[in-house]
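First the structure, in the form of structure tokens, and then the observations on it.
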Amino acid sequence: MPTSELLRANAFRTAFARRQATEVREVAGGFLALNAAFPLSYEHNQLHIDSAAGPAALLTLADAALAHVRHRQLTVYDAESGAACVPLFEAAGYQHMTEVVMAHRGPTPAPSVLAAPVDLPELAVPYRARLRDWMPEVSEEAVEQLITRREARRNGAPEVVFLGARSTDGRVAAWADLYRDPAEGIAQIEDLVTALDQTGQGHGDTVLTTALHLAAEQPLCFLVADAEDWPIQWYARRGFVPIGECHSFTRS
2 MPTSELLRAN AFRTAFARRQ ATEVREVAGG FLALNAAFPL SYEHNQLHID SAAGPAALLT
62 LADAALAHVR HRQLTVYDAE SGAACVPLFE AAGYQHMTEV VMAHRGPTPA PSVLAAPVDL
122 PELAVPYRAR LRDWMPEVSE EAVEQLITRR EARRNGAPEV VFLGARSTDG RVAAWADLYR
182 DPAEGIAQIE DLVTALDQTG QGHGDTVLTT ALHLAAEQPL CFLVADAEDW PIQWYARRGF
242 VPIGECHSFT RS
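Written as structure tokens, this is what we have:
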């Protein structure tokens with residue numbers, strides 16, 4: 002059974018998706034979130050399935066609901082349902098990722114150097130370099146939408162902060178989003194990235210420590226990590242523990 006913390010984290014994530022969408026369509030088992038300003042952003046044009054659903058029905062639903070775009074993307078928050086979808090979706094050409102929801106258990110270190118809010122245009126240069134390194138085959142139009150889509154995230158939570166740590170020459174060296182809902186006592190840290198030429202210098206730690214400091218008054222602070230990628234171990238060493246899983250499926 003999902004823990005109460007996992008249920009709260011999942012509810013926060015689905016509420017965030019609804020708030021940053023320009024259109025929401027209710028579907029069996031969840032909803033379709035769309036954003037007409039960023040049609041090439043899978044994050045902003047995807048299905049969110051937050052109740053139990055069968056694999057075959059979800060596969061058909063994905064094709065019908067996202068027929069107007071070239072990609073397919075869905076997040077299945079129920080771990081059992083998501084795991085059951087893996088064989089059928091992979092056979093249909095989808096890539097599968099197990100997302101581990103991790104809650105911070107402390108300690109919350111006192112930051113020796115603080116990251117600070119940054120303007121989105123300032124993130125464009127280092128983020129574009131990162132995207133080109135990760136996805137060299139993607140079109141310039143898609144890269145531009147992936148950069149500018151952060152603007153839509155401002156609507157996702159009552160408090161949204163874009164944090165950045167700077168190198169000695171003043172450039173943004175690492176960055177992350179911090180989403181807070183003080184009324185619900187919850188915070189999420191998302192999209193922590195270090196610039197290509199700034200890795201291994203502690204800038205990611207500066208951003209994460211600052212985010213934890215700013216989220217310290219929220220009883221639940223969580224993030225989402227890829228079960229198969231190295232950052233999950235990095236987060237574990239910094240006081241995050243798994244509280245549950247969900248599953249995402251993508252087809253380009």
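Remember, our numbering sits 1 above the position in the sequence shown when you count from 1. Don't be surprised by glycine CBs; every beta carbon is placed ideally from N, CA and C.
Quick one, are the C-beta atoms of residue i and residue j less than 9 Å apart?
i	j	result
Leu224	Phe250	no
Pro243	Val102	yes
Ala29	Ala57	no
Val194	Tyr236	no
Asp182	Pro159	yes
Leu156	Gln74	At residue 156 the sequence reads Asn, which differs from the Leu that was named. Against a cut-off of 9 Å, the Cβ pair of Gln74 and Asn156 comes out as no contact.
His49	Thr15	yes
Val25	Phe32	yes
Leu197	Ala130	yes
Whose C-alpha, out of the options, is nearest the C-alpha of residue i?
i	options	result
Gln199	Ala166, Glu229, Ala217 and Val162	Ala166
Pro118	Arg151, Gly107, Ala111 and Phe163	Phe163
Ala80	Leu8, His72 and Gln219	Leu8
Leu132	Leu209, Thr109, Ile148 and Leu215	Ile148
Pro88	Glu142, Leu60 and Gln21	Leu60
Ala153	Glu6, Ala10, Asn11 and Ala34	Ala34
Arg151	Asn36, Gln202, Glu100 and Pro108	Asn36
Ala38	Cys86, Glu27, Ala63 and Glu145	Glu145
Val139	Leu67, Glu100, Ser42 and Thr109	Ser42
Tyr259	Glu100, Glu229 and Ala125	No information on residue 259 is available, as it lies outside the stretch 2 to 253 that the chain covers here.
Ile187	Ala65, Ala104 and Pro220	Pro220
Ala143	Glu44, Thr210 and Asn11	Glu44
Gly171	Ala116, His214 and Gln234	Ala116
Pro122	Ser168, Leu215, Ala111 and Val173	Val173
Ala10	Glu229, Leu67 and Ala104	Ala104
Looking only at its own chain, which residues have a Cβ that is under 7 Å from the Cβ of residue i, when we skip the five neighbours before and after it?
i	result
Thr4	Ile244 and Gly245
Glu91	His97
Val70	Pro40 and Asn46
Asp192	Ala177 and Asp178
Give every residue of the same chain whose Cβ lies closer than 6 Å to the Cβ of residue i, excluding the five residues on either side of it in the sequence, and list them in chain order.
i	result
Gly94	Arg252
Ser52	Gly30
Gly107	Gly240
Pro232	Ala226
Compute the beta-carbon to beta-carbon distance between residue i and residue j, rounded to the nearest angstrom, for a pair I have assumed lies under 8 Å.
i	j	result
Cys247	Gly83	6 Å
Gly205	Ala175	5 Å
Ile190	Ala217	Wrong, their Cβ atoms sit about 12 Å apart, outside the cutoff.
If we require 4 or more residues per run, which alpha helix (DSSP H) segments fall completely within the stretch 137-162? Complete alpha helix (DSSP H) runs here, min 4: 141-149 and 151-154.
List in chain order: all unbroken alpha helix (DSSP H) runs of 4+ residues lying wholly within the stretch 151-239. 151-154, 204-215 and 232-237
Within the stretch 76-143, note down every full beta strand (DSSP E) run reaching 3 residues or more, in order along the chain. 96-105
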